[in-house]
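Peer 1: Taking the UniProt record's numbering, the leading residue of the sequence shown gets 1, the next gets one more, and so forth. For every residue, glycine included, the Cβ atom is placed at its ideal position computed from N, Cα and C. Quick one: the structure is below, questions incoming.
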Amino acid sequence: MSRHLLVTGGAGFIGSGFVHHVLAHTDDTVTVLDKLTYAGDKTSLEGLPDARLTLVEGDVADAALVEELVGAADAVVHYAAESHNDNSLRDPSPFLRTNLVGTFTLLEAVRRHGTRYHHISTDEVYGDLPLEDPERFTEDTPYNPSSPYSATKAGSDLLVRAWVRSFGVQATISNCSNNYGPRQHVEKFIPRQITNLLDGVRPRLYGAGTNVRDWIHEEDHSSAVLRILDAGRIGETYLIGADGEKSNREVVELILQLMGRDAGDYDLVADRPGHDLRYAIDSTKLRTELGWEPAYADFEAGLAATIDWYREHEGWWRGQKDATEAAYARSGQ
Numbered sequence: 001m002s003r004h005l006l007v008t009g010g011a012g013f014i015g016s017g018f019v020h021h022v023l024a025h026t027d028d029t030v031t032v033l034d035k036l037t038y039a040g041d042k043t044s045l046e047g048l049p050d051a052r053l054t055l056v057e058g059d060v061a062d063a064a065l066v067e068e069l070v071g072a073a074d075a076v077v078h079y080a081a082e083s084h085n086d087n088s089l090r091d092p093s094p095f096l097r098t099n100l101v102g103t104f105t106l107l108e109a110v111r112r113h114g115t116r117y118h119h120i121s122t123d124e125v126y127g128d129l130p131l132e133d134p135e136r137f138t139e140d141t142p143y144n145p146s147s148p149y150s151a152t153k154a155g156s157d158l159l160v161r162a163w164v165r166s167f168g169v170q171a172t173i174s175n176c177s178n179n180y181g182p183r184q185h186v187e188k189f190i191p192r193q194i195t196n197l198l199d200g201v202r203p204r205l206y207g208a209g210t211n212v213r214d215w216i217h218e219e220d221h222s223s224a225v226l227r228i229l230d231a232g233r234i235g236e237t238y239l240i241g242a243d244g245e246k247s248n249r250e251v252v253e254l255i256l257q258l259m260g261r262d263a264g265d266y267d268l269v270a271d272r273p274g275h276d277l278r279y280a281i282d283s284t285k286l287r288t289e290l291g292w293e294p295a296y297a298d299f300e301a302g303l304a305a306t307i308d309w310y311r312e313h314e315g316w317w318r319g320q321k322d323a324t325e326a327a328y329a330r331s332g333q
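Listed below in structure tokens is the structure:
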């Protein structure tokens, strides 16, 4: 039986990826609620079937609008978030409104309507790990956020847990590692490097480039979220990862090589304050309990396809680029 899903932040990077995935792999219909800030783009939803998709421009902290949309939905998947660490260091206030007040607003609505709710979070809530250590984050790792972004995401996770326990909200949570793929804003690490190279600009690396991230293709993230929505146990948290640990230096050097440049053709810039050393996800629970596996196990192949997408879709990212680089220039990065 088909469902009607409300997807918040569904015009953003991973949200739009999930909408594409749902409409390709199910008979569900989708309403997207998106504020269409700089990180949300209507064109990310182009080509999808109009009869199964509705886009509503609005704020997840708007209680009246959220009440109306939740009342018409069978399930809510909450992607909407302010998510860029550098922006949270410049001005934390939007992160508190969207990530905390927005989550509270949704939780109150799904509580009133008895609606299934899935909450999208990040591995950054756990802080970081030593660079030379076999340890990975698990569902039992204590929260230790480092930035205003990760602190507000940690707070939103805790709100969900409290609403499950106190009010019986039918919710699950997923914490995912770093995503890459098509339609990601050029402020983010991988698309910034790709678009810089397309513009003839040398890539820039924070610090020494030794910080490690655990990369997953957004299509794999989407398939995992759909699996949790379908079969996850209420009240549980699932970590989503694809065993994609790479240092920032390794990623930049691979991008350079895939784009026909010398692997050392990049610049080092001042490190970001509070820059986490290493993220690494143990997704054993998701894989064993729900039978999920990533489809994009080859990071190099996924990265090559991502480079091709940005080459072929300059019209999608060109309007973002100047403002993004101006903001980085003001901070010396």
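Once you ignore the five residues that flank L106 on each side, which residues in its own chain have a CB closer than 8 angstroms to its CB?
Peer 2: T8, V60, V66, V70, V76, H78 and Y117, listed in sequence order.
Peer 1: Are at least three pairs of beta-carbons, each pair with one atom in the stretch 9 to 21 and one in the stretch 33 to 48, less than 8 angstroms apart?
Peer 2: These segments touch.
Peer 1: Can you tell which of Y328, K153 and H4 has its C-alpha closest to the C-alpha of A270?
Peer 2: Measuring from the Cα of A270, the nearest candidate turns out to be Y328.
Peer 1: Report all residues from its chain with a CB closer than 6 angstroms to the CB of S44; omit the five preceding and five following residues, and keep chain order.
Peer 2: Result list for S44: A11, S16 and R183, in chain order.
Peer 1: Less than 8 angstroms between the CB atoms is what I'm expecting for I281 and F137, so what's the real figure, rounded?
Peer 2: Sure, about 6 angstroms apart at Cβ, within 8 angstroms.
Peer 1: Tell me whether Y238 sits in a helix, a strand or coil according to DSSP, three-state version.
Peer 2: DSSP places Y238 in strand when its eight states are reduced to three.
Peer 1: Rounding to the nearest angstrom, what Cα-Cα distance links A250 and H113 in this structure?
Peer 2: In the sequence as displayed, the identity of residue 250 is Glu instead of Ala. Taking the straight line joining both Cα atoms gives about 47 angstroms.
Peer 1: List the whole-angstrom C-beta distance separating S177 from I240, where the pair is believed to meet the contact cut-off of C-beta under 8 angstroms.
Peer 2: Confirmed, about 7 angstroms.
Peer 1: Give the single residue among V32, G302, E187 and L258 whose Cα lies nearest to the Cα of G181.
Peer 2: It is G302.
Peer 1: Please name the residue in D308, V32 and Y143 whose C-alpha comes closest to that of L158.
Peer 2: Of D308, V32 and Y143, the residue nearest in Cα terms is Y143.
Peer 1: Does S150 pass the burial test, meaning 16 or more other C-beta atoms within 10 Å, or should it be called exposed?
Peer 2: Per the 10 Å Cβ criterion, buried.
Peer 1: Taking a contact to mean a Cβ-Cβ separation below 8 angstroms, would you say T210 touches L131 in this structure?
Peer 2: Going by C-beta atoms, T210 is nearer than 8 angstroms to L131.
Peer 1: Leaving out five residues on either side along the sequence, give the residues of the same chain with a beta carbon under 8 angstroms from the beta carbon of N248.
Peer 2: Cβ within range, chain order: F189, L205, Y206, G209, T210, N211, V212 and R213.
Peer 1: Could you pull out every residue in the same chain whose Cβ sits closer than 8 angstroms to the Cβ of V186, ignoring the five residues on either side in sequence?
Peer 2: Taken in chain order, the residues that qualify are R192, T195, W317, Q320, K321 and T324.
Peer 1: Which residue marks the beginning of the alpha helix (DSSP H) containing V56, and which one marks its end?
Peer 2: That residue, V56, is in no alpha helix (DSSP H); its beta strand (DSSP E) goes L53 to E57.
Peer 1: Could you compute how far the alpha carbon of E82 sits from the alpha carbon of N99?
Peer 2: So the two alpha carbons sit approximately 7 angstroms from each other.
Peer 1: If we require 4 or more residues per run, which alpha helix (DSSP H) segments fall completely within the stretch 229 to 287?
Peer 2: Counting whole runs of 4 or more residues, the stretch 229 to 287 contains the alpha helix (DSSP H) stretches 248 to 258.
Peer 1: In three-state DSSP terms, what is V101?
Peer 2: The answer is helix: DSSP assigns V101 an H, G or I state.
Peer 1: Mapping the DSSP letters down to three states, classify R183 as helix, strand or coil.
Peer 2: Looking at R183 - three-state DSSP - the assignment turns out to be coil, as it is neither helix nor strand.
Peer 1: Distance, Cα to Cα, V160 vs A171?
Peer 2: When rounded, the distance between both Cα atoms is 7 angstroms.
Peer 1: Locate the alpha helix (DSSP H) running through A63, then write down its first and last residues.
Peer 2: Segment A63 to G71, the alpha helix (DSSP H) holding A63.
Peer 1: Name the one or two DSSP bridge partners that F18 has.
Peer 2: Beta-bridge pairing links F18 to no other residue.
Peer 1: Within 10 angstroms of its Cβ, does V201 collect 16 or more other Cβ (buried), or is it exposed?
Peer 2: Answer is exposed; the Cβ neighbour count stays below 16.
Peer 1: Taking a contact to mean a Cβ-Cβ separation below 8 angstroms, would you say A224 touches W292 in this structure?
Peer 2: Yes, these two residues count as a Cβ contact at 8 angstroms.
Peer 1: Quick one, which of R272, T306 and E57 has its alpha-carbon nearest Y296's?
Peer 2: Ranking the options by Cα distance to Y296, first place goes to T306.
Peer 1: Roughly how far, in whole angstroms, is the beta-carbon of V22 from the beta-carbon of L33, given that I think they are within contact range, below 8 angstroms?
Peer 2: No, V22 and L33 are not in contact; Cβ-Cβ is about 15 angstroms, not under 8 angstroms.
Peer 1: Taking S2 as the reference, give the member of F18, L197 and H25 with the closest Cα.
Peer 2: The option with the nearest alpha carbon to S2 is H25.
Peer 1: Should D123 be labelled buried (16 or more other beta-carbon atoms within 10 Å of its own) or exposed?
Peer 2: The residue in question, D123, is buried, as its Cβ has 16 or more Cβ neighbours within 10 Å.
Peer 1: Could you tell me which residues DSSP pairs with W309 in its beta bridges?
Peer 2: Answer is none; W309 lacks a bridge partner.
Peer 1: Expressed to the nearest angstrom, what Euclidean distance is found between the alpha-carbon atoms of T237 and E289?
Peer 2: Rounded to the nearest angstrom, the two C-alpha atoms are 12 angstroms apart.
Peer 1: Between N179 and I234, which are expected to be in contact by the criterion C-beta below 8 angstroms, what is the C-beta distance as a whole number of angstroms?
Peer 2: Contact flag wrong, Cβ pair sits at about 25 angstroms.
Peer 1: Cβ atoms of F18 and S283: under 8 angstroms apart, would you say?
Peer 2: No.
Peer 1: Compare the beta carbon distance of A73 and T141 with 8 angstroms and say whether it is the shorter of the two.
Peer 2: For A73 and T141, no; Cβs fall outside 8 angstroms.
Peer 1: So is E46 buried or exposed if we call it buried at 16+ other beta carbons inside 10 Å?
Peer 2: The residue is exposed, with fewer than 16 neighbouring Cβ atoms inside 10 Å.
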